[in-house]
Amino acid sequence: MDHGLFGPDSVTWRVMGEPILLVGGFRAMLMQGLHPRAMRGVAQNSALMDPAEAWSRFVRTTEFVRVRTYGTRAEVARAGARVRKIHSRLTALDLDTGERFRLDDPDALLWVHVGEVDSYLSVARRAGVRLTDEEADRFVDEWRRAAEVVGLRPEDVPGSVGEMYDYIEDRRPGLYFAPEVPHPLRQSLNAPLPLYLTPLKPVLPMLTVLAFATLPRWARKLYGLPATPLGDLWATATLKALHTGVGLLPAPVRYSPDARRARRAMAERAA
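Just so it is clear: in the sequence shown, position 39 is 38 by numbering that gives the first Met the number 0, and no numbers are missing.
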């Protein structure tokens with residue numbers, strides 16, 4: 000059977016199905032926002048405050064993550080080809096250098112990839128998803144396959160937790176939040192949702208605050224937000240409480256259809 004990039008033996012399938020990873024997805028976007036070129040590429044090519052455009056972009060991103068995680072190899076190949084084609088055609092202006100760059104700039108793509116992997120792994124472990132250090136390294140290594148989908152070479156991508164942290168530390172001096180881009184916390188207070196999702200508006204600021212709190216302290220400071228050990232403790236305690244609470248729900252409610260299918264495949268493999 001074609002299980003796509005990962006499959007029932009992967010750490011990825013075990014981790015990515017957990018609902019708490021929604022916080023990881025928001026955290027990944029906040030990490031992306033600290034790379035000026037990556038964020039300017041988004042800001043200059045989408046109407047961030049247009050409800051129709053913002054929501055459709057979010058839906059497209061969510062669907063890409065779903066297909067990349069659970070889709071067949073053919074489905075992943077098609078989704079990757081679409082993303083690479085879009086990135087190769089779009090450009091943005093670097094306001095620091097005056098240079099125009101393509102959205103498939105490898106440096107920006109690599110930061111977005113690492114920010115995503117780091118966010119999923121950090122949120123999962125702090126929430127209480129059980130992962131050994133060896134399994135965490137396997138998770139990072141498995142996601143090299145995902146990096147290839149967007150046009151990166153696997154050998155250029157960190158393959159362990161240690162390599163990932165070294166990369167992040169190396170990139171830190173060049174990171175900052177571009178001042179012309181709307182602040183995510185402000186955006187969450189007036190989220191550009193379509194009319195039928197208006198009841199969810201009160202939830203988004205709380206989710207955004209939690210995602211911010213899960214960032215490293217240096218990252219929170221770059222967004223101009225408080226960064227204290229107390230905030231770290233609050234974020235970890237909240238993640239654990241949410242993960243435990245959601246864990247009380249029946250599996251058909253707790254997991255998405257793709258995650259349920261993956262769990263069945265993992266159980267069959269284990270048997």
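Every residue gets a Cβ at the ideal spot worked out from N, C-alpha and C, and that includes glycine.
Let's test the definition: count the other Cβ atoms within 10 Å of the Cβ of residue i and tell me whether it reaches 16, buried, or not, exposed.
i	result
Ser-255	exposed
Arg-99	exposed
Ser-187	buried
Asp-106	exposed
Pro-157	buried
Val-202	exposed
Asp-103	buried
Gly-16	buried
Pro-35	buried
Arg-219	buried
Val-82	buried
Leu-247	exposed
Leu-329	Nothing can be reported for residue 329: it is not among the residues displayed for the chain, which extend from 0 to 270.
Met-274	Any question about residue 274 goes unanswered here, given that the chain covers just 0 to 270.
Leu-270	Going by the sequence as given, residue 270 is Ala instead of Leu. With fewer than 16 Cβ atoms within 10 Å of its Cβ, Ala-270 is classed as exposed.
Ala-261	buried
Ala-236	exposed
Ala-145	buried
Below 8 Å CB to CB, which residues in the same chain sit around residue i once its five sequence neighbours on both sides are set aside?
i	result
Ser-159	Asp-136, Val-139 and Asp-140
Leu-206	Leu-21, Val-22, Phe-25 and Ser-187
Val-14	Leu-20, Tyr-119, Leu-120, Ala-123, Val-128, Leu-130 and Phe-138
Asp-132	Val-160
Arg-276	Residue coverage of the chain in this structure runs from 0 to 270, which leaves residue 276 outside it and unanswerable.
By Cβ distance, which residues of its chain are closer than 7 Å to residue i, with the 5 residues on each side in sequence left out?
i	result
Phe-176	Gly-32, Leu-33, Leu-221 and Tyr-222
Arg-143	Pro-153, Val-156 and Gly-158
Gly-79	Val-148 and Val-149
Ala-37	Gln-31, Ala-107, Trp-110 and Val-111
Ala-250	Arg-259
For residue i, which option in the options has the closest C-alpha, if you only look at C-alpha atoms?
i	options	result
Ala-274	Asp-8, Ala-126, Arg-65 and Val-202	An answer regarding residue 274 cannot be provided, because it is not within the stretch 0 to 270 covered by the chain.
Ala-210	Pro-172, Val-122, Glu-134 and Gly-3	Val-122
Thr-11	Arg-253, Ala-258 and Arg-170	Ala-258
Glu-179	His-2, Met-15 and Ala-42	Ala-42
Thr-90	Val-111, Leu-130 and Gly-40	Gly-40
Arg-65	Phe-5, Pro-251, Val-252 and Leu-206	Phe-5
Tyr-245	Ile-167, Asp-169 and Pro-18	Residue 245 is actually Val in this sequence, not Tyr. Out of Ile-167, Asp-169 and Pro-18, Pro-18 has the C-alpha closest to the C-alpha of Val-245.
Leu-109	Ala-27, Arg-124 and Pro-251	Ala-27
Leu-184	Asp-231, Leu-120, Thr-227 and Val-208	Val-208
Leu-92	Tyr-166, Asp-231, Glu-62 and Asn-44	Asn-44
Asp-95	Leu-174, Arg-260, Thr-60 and Glu-162	Leu-174
Ala-76	Arg-59, Arg-56, Ser-55 and Gly-3	Gly-3
Short of 6 Å in beta carbon distance, which residues of its chain neighbour residue i, apart from the five on each side in sequence? Order them along the chain.
i	result
Ser-9	Glu-141
Glu-134	Val-10
Gly-97	none
Glu-74	Val-66
Ala-190	Lys-200 and Leu-203
Pro-7	Ala-264, Met-265 and Arg-268
Arg-101	Thr-90
- Okay, do the segment 57 to 70 and the segment 116 to 126 touch, 3+ Cβ pairs below 8 Å being the bar? Segments in contact, no.
- Query: Are the segment 212 to 227 and the segment 240 to 258 touching, with three or more C-beta to C-beta distances below 8 Å?
  - Reply: In this structure the segment 212 to 227 does not lie against the segment 240 to 258, because fewer than three pairs of beta carbons, one per stretch, are closer than 8 Å.
- Specify whether the segment 255 to 269 and the segment 144 to 157 touch according to this definition: at least 3 beta carbon pairs, one from each stretch, less than 8 Å apart. The segment 255 to 269, when compared against the segment 144 to 157, does not touch it at the 8 Å Cβ threshold.
- Item | the segment 71 to 86 contacting the segment 19 to 39, beta-carbon criterion three pairs below 8 Å | With a cut-off of 8 Å, the segment 19 to 39 and the segment 71 to 86 do not count as touching, because too few Cβ pairs lie within range.
- Counting only runs that start and end within the segment 207 to 250, where is the beta strand (DSSP E) found for 3 or more residues in a row? If we require 3 residues or more, the segment 207 to 250 turns out to have no beta strand (DSSP E) run fully inside it.
- Message: If we require 3 or more residues per run, which beta strand (DSSP E) segments fall completely within the segment 30 to 118?
- Response: Runs of the beta strand (DSSP E) inside the segment 30 to 118: 90 to 92 and 99 to 101.
- Complete alpha helix (DSSP H) runs within the segment 153 to 177 (minimum length 4 residues, chain order): DSSP runs (the alpha helix (DSSP H)) wholly in the segment 153 to 177: 160 to 170.
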